[in-house]
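Visitor: If you want my numbering, it's the 1-based position in the sequence shown plus 16. Handing you a structure now.
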Amino acid sequence: MFDWFKNLFLPSETPDSTQSIIVILLTIGLGVLVGRFKIKKVSLGVSAVMFVGLFLGHAGYKINIEISHFIREFGLILFVYGIGIMVGPSFFSSFKQEGIRLNLLAVSTVLLSAIIAVLIMFLANIEVANVVGIMSGSVTNTPGLGAAKTTLNDIHLQNPLKIFSDPAIAYAITYPMGVLGVIAIVILSKVVFKVDVHEEIRALVTSQKEALTVLTRKKCRITNPLVFDKSLHQIIKEYQLDNVIVSRLKHSGSHTVFSPTLDTRVAERDVLMIVGSPDMVTRFIEIIGKESTDEVIEEENDIVTKTLFVTRKSATHKTLAALDLYNKYGLKVTRVYRSGMELLSSPTLELFYGDRIRVVGDIDDINEVEKIIGNSENKLIEPDFLSLFGGLLIGIILGSIPLALPSLPVPIKLGFAAGPLLAALFISRYGGIGVIHSYINNGAIHFMKDLGICLFFASVGLYAGTHFVENFVQYNGWSWIYYGAFITFIPLIYLAIVGRVYMKLNFAKLIGLMSGSYTDPAALAFSNGYIQSDLPTQAYATVYPLVTIFRILVAQLLVLLFY
């Protein structure tokens, strides 16, 4: 009577597709539940899915081997693509600040861990597949494991007699050390460097506010006789006030507010609405007059301000000069909002799908422009599967391109990890490719990223757990944990000393850099909770993409050079 129940929920040596799906869902569900438990602010998060998979795999649960391969690769693709779309804009913009220094330090940490892994391989006489697994687990790098498994499979297909161990076993054994190692060094660094967390946060917030170009708007009354009867173009050119926009103007004695052109001439006691950086706006006011308290210029009877969403092809990838909204509709664009950044409009600024633009003008003209811009917020909520799967396709193609290197048995590839990651980074940087755009709402990005890593962890955990205890005993798992500790702690200590002592990094940046260098979301979550701030996320996002790519390439090169 209950045979159907047994077929679904009891372990089977030959699971069908239905039972495979049940096992995957069970693994992810229990893993997410376990990941929510915290011990002194530390939780495993989605990493718990892999450990639940190990337990269920050891208990006899399996999934169809072909389904397992598909789930593993597809999950990895979703995860890295979501990460790329999420951190792409901040990744490229960070290089204008100190991103180069942070990435150089992070990459040197990757290379140091690879050197230690090679030394362990020769000194302890461990097979390269296991060494790569130990290294990937010790630095909690999932994409590196995926790339290594793909390369090992390519070598096996070319030479069927060549049999390798499964690096996922060593990865699963050493992974907890990687997570706990970052957390331990974060705590130890605070003690050793005698860090005052509150002072570090205050200093970083202050420095970021000083560096950030925040746009402001102020009202100015013209009192300088030297600018009377001059056009705005003459004033801006003569006093070098290029980075300001005059969004509104009200002549003295009039109640009419309008959006002026550069040819508009000003007179004594006219009132202007100025938009730009605080320093430039202040300088503009000091030159032409004084700050005004006029309230008429802010009334919306004649002129209004509205934010529009770019959702139509007629505006996407067009510059503001090409749209020419002022000459055609009498509207002035004062600001553009993109990926959390506020941009001052300029004629050469290209609009991306999902941008928000602030326009000033008559309400009827704004309604006309909405037909060109789109302004459909509901459209942004709906997932654009053409862009999503088109971007994934580009990433898979990019990752599948073989790069033949001399003396290597098989070509090196970016793989299903680095390929989609690079595609996502560049798509988010340039706003899209053809009909594929970069905009994905935050909820969809987080869902895709978390679903992907859960699928990957479930597949890896179930597969590795089948003979986990036997392999732990066979390969002396305690010795792998011992060797993995060197790969975990030595690069972290090096990073902490160089970052804090020589580079004078803020503590919030330093611990974000540690988590990012080990691509460890669990350590990042701990770091944010440890200092009760999300400031470490900034450094994490700055180094994550490049570190991921280097760890993928290093894992493949170790396999190809020493298999």
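For glycine and all other residues, C-beta sits at the position ideal for the given N, C-alpha and C.
Just the C-alpha distance for P552 and L173, rounded to the nearest angstrom, thanks.
Guide: Along the sequence shown, one-based indexing puts residue 552 at 536. Along the sequence shown, one-based indexing puts residue 173 at 157. Rounded to the nearest whole angstrom, the C-alpha separation of P552 and L173 is 43 Å.
Visitor: So who's on the other strand from H453, going by DSSP bridges?
Guide: As a first step, residue 453 must be located in the sequence shown, where it is residue number 437. Answer by DSSP bridge pairing, in chain order: G448.
Visitor: What are the residues that DSSP puts in a beta bridge with F325?
Guide: As a working note, residue 325 is residue 309 in the sequence shown. Its beta-bridge partners are R372.
Visitor: Would you report the Cα separation of L576 and L396, rounded to the nearest angstrom?
Guide: Here the question's residue 576 lines up with position 560 in the sequence shown. Here the question's residue 396 lines up with position 380 in the sequence shown. L576 and L396: Cα-Cα distance of roughly 44 Å.
Visitor: First and last residue of the alpha helix (DSSP H) that includes L577?
Guide: Taking the sequence shown and counting its residues from 1, one reaches residue 577 at position 561. 552-578 is the extent of the alpha helix (DSSP H) around L577.
Visitor: Going straight from the alpha carbon of M137 to that of I171, what length do you get?
Guide: To locate residue 137, count along the sequence shown from 1; it is residue 121. To locate residue 171, count along the sequence shown from 1; it is residue 155. One C-alpha to the other measures close to 19 Å.
Visitor: For the 8 Å Cβ check, are there 3 or more pairs between the segment 79-94 and the segment 29-37?
Guide: yes
Visitor: Closest to K322 by CA distance: which of E386, G305, D286 is it?
Guide: Within the sequence shown, the letter at position 306 stands for residue 322. Considering only alpha carbons, the answer is E386.
Visitor: Please state the DSSP three-state secondary structure of I547.
Guide: Start at 1 with the first residue of the sequence shown, and residue 547 comes out as number 531. Reduced to three states, the DSSP call for I547 is coil.
Visitor: What residues match up with T232 in a beta bridge as DSSP calls it?
Guide: In the sequence shown, residue 232 corresponds to position 216, counting from 1. T232 pairs with G292.
Visitor: With three or more beta-carbon pairs closer than 8 Å as the criterion, would you say the segment 151-163 touches the segment 179-199?
Guide: Under the three-pair Cβ rule at 8 Å, the segment 151-163 counts as touching the segment 179-199.
Visitor: Could you spell out the range, first to last residue, of the alpha helix (DSSP H) harbouring T335?
Guide: If you number the sequence shown from 1, residue 335 lands on position 319. Neither: T335 is in no alpha helix (DSSP H) and is coded neither H nor E.
Visitor: Measure the C-alpha to C-alpha separation of I506 and V126 and round it to an integer number of angstroms.
Guide: As a working mapping, residue 506 is identified with position 490 in the sequence shown. As a working mapping, residue 126 is identified with position 110 in the sequence shown. So the two alpha carbons sit approximately 11 Å from each other.
Visitor: Straight-line CA distance for A337 to E366?
Guide: As a working note, residue 337 is residue 321 in the sequence shown. As a working note, residue 366 is residue 350 in the sequence shown. Approximately 9 Å, taken between the alpha carbons.
Visitor: Considering only DSSP beta bridges, list what K178 is partnered with.
Guide: Position 162 of the sequence shown holds residue 178. None; K178 has no bridge partner.
Visitor: For my contact list, P418 and K429 are in at a C-beta cut-off of 8 Å; report their separation, rounded to the angstrom.
Guide: Position 402 of the sequence shown holds residue 418. Position 413 of the sequence shown holds residue 429. Right, their Cβ atoms sit about 6 Å apart.
Visitor: I need the DSSP call for L265, collapsed to helix, strand or coil.
Guide: Counting from one through the sequence shown, the residue named residue 265 turns up at place 249. DSSP places L265 in strand when its eight states are reduced to three.
Visitor: On the three-state DSSP scale, how would you describe G390?
Guide: In the sequence shown, counting from the first residue as 1, residue 390 sits at position 374. It is a strand residue.
Visitor: Output yes or no for whether 9 Å exceeds the beta carbon distance between K306 and T232.
Guide: Numbered from 1 along the sequence shown, position 290 holds the residue referred to as residue 306. Numbered from 1 along the sequence shown, position 216 holds the residue referred to as residue 232. Contact flag unset, no.
Visitor: According to the neighbour-count rule (16 or more other Cβ atoms, all chains shown, within 10 Å of its Cβ), is T222 buried or exposed?
Guide: Stepping through the sequence shown from its first residue, residue 222 is reached at position 206. The residue in question, T222, is exposed, as its Cβ has fewer than 16 Cβ neighbours within 10 Å.
Visitor: Could you please give the first and the last residue of the uninterrupted alpha helix (DSSP H) stretch that includes G305?
Guide: Here the question's residue 305 lines up with position 289 in the sequence shown. Careful: G305 lies outside any alpha helix (DSSP H), inside the beta strand (DSSP E) at 305-307.
Visitor: For D381, which option in I83, L324, L421, L404 has the closest C-alpha, if you only look at C-alpha atoms?
Guide: The residue you call residue 381 lines up with position 365 of the sequence shown. When only C-alpha atoms are compared, the closest one is L324.
Visitor: At a cut of 8 Å, does the segment 206-215 reach the segment 512-527 through at least three beta carbon pairs?
Guide: With a cut-off of 8 Å, the segment 512-527 and the segment 206-215 count as touching, because enough Cβ pairs lie within range.
Visitor: Using beta-carbon positions only, say whether I389 and I449 come within less than 9 Å of one another.
Guide: Locating residue 389 in the sequence shown gives position 373, where the first residue counts as 1. Locating residue 449 in the sequence shown gives position 433, where the first residue counts as 1. Cβ distance not < 9 Å, so I389 and I449 don't count as in contact.
Visitor: Judging by CA-CA distance, which residue of S268, V291, T280, V297 is the nearest neighbour of V312?
Guide: Position 296 of the sequence shown, counting from 1, holds the residue named residue 312. V312 has its Cα closest to that of S268, out of S268, V291, T280, V297.
Visitor: What is the DSSP secondary structure of R52, counted as helix, strand or coil?
Guide: Counting from 1 along the sequence shown, the entry for residue 52 is found at position 36. Here R52 sits in coil by DSSP.
Visitor: Please classify R203: is it buried, with 16 or more other beta-carbons within 10 angstroms of its beta-carbon, or exposed?
Guide: Taking the sequence shown and counting its residues from 1, the one referred to as residue 203 is at position 187. For the record, residue 203 in the displayed sequence is Ile; it is not Arg. Exposed.
Visitor: Tell me whether the beta-carbon of M464 lies closer than 9 Å to the beta-carbon of L94.
Guide: The count along the sequence shown starts at 1 and reaches residue 464 at position 448. The count along the sequence shown starts at 1 and reaches residue 94 at position 78. Yes, the pair counts as a contact, with Cβ atoms nearer than the cut-off.
Visitor: Nearest CA to the CA of M296: which residue from L257, H462, H333?
Guide: Along the sequence shown, one-based indexing puts residue 296 at 280. Of the candidates L257, H462, H333, the one whose C-alpha sits nearest the C-alpha of M296 is L257.
Visitor: Nearest-angstrom Cα distance between V103 and S454?
Guide: One-based indexing of the sequence shown puts residue 103 at position 87. One-based indexing of the sequence shown puts residue 454 at position 438. The straight-line gap separating the alpha-carbon atoms of V103 and S454 is approximately 12 Å.
Visitor: Give me whichever residues DSSP pairs with G197 in a beta bridge.
Guide: Walking along the sequence shown from the start, residue 197 turns up at place 181. According to DSSP, G197 bridges with nothing at all.
Visitor: Cβ atoms of F566 and H74: under 9 Å apart, would you say?
Guide: For the purposes of this step, residue 74 is taken as the residue at position 58 of the sequence shown. For the purposes of this step, residue 566 is taken as the residue at position 550 of the sequence shown. With a cutoff of 9 Å on beta-carbon distance, H74 and F566 are scored as not near each other.
Visitor: Under a three-way DSSP split, which group does K253 fall into?
Guide: Locating residue 253 in the sequence shown gives position 237, counting from the first residue. In the structure shown, K253 sits in a helix (DSSP, three-state: H, G or I).
Visitor: Compute the beta-carbon to beta-carbon distance between T327 and S392, rounded to the nearest angstrom, for a pair I have assumed lies under 8 Å.
Guide: The sequence position of residue 327 within the sequence shown is 311, counting from 1. The sequence position of residue 392 within the sequence shown is 376, counting from 1. Confirmed, about 4 Å.
Visitor: Measuring alpha carbon to alpha carbon, tell me which residue in D32, L26, I469, F21 is nearest I83.
Guide: Numbered from 1 along the sequence shown, position 67 holds the residue referred to as residue 83. Checked all of D32, L26, I469, F21; the closest Cα to I83 is D32.
Visitor: Do A163 and A571 come within 9 Å of each other at the CB atom, strictly closer than that value?
Guide: The residue labelled residue 571 in the question sits at position 555 within the sequence shown. The residue labelled residue 163 in the question sits at position 147 within the sequence shown. Closer than 9 Å, so yes.
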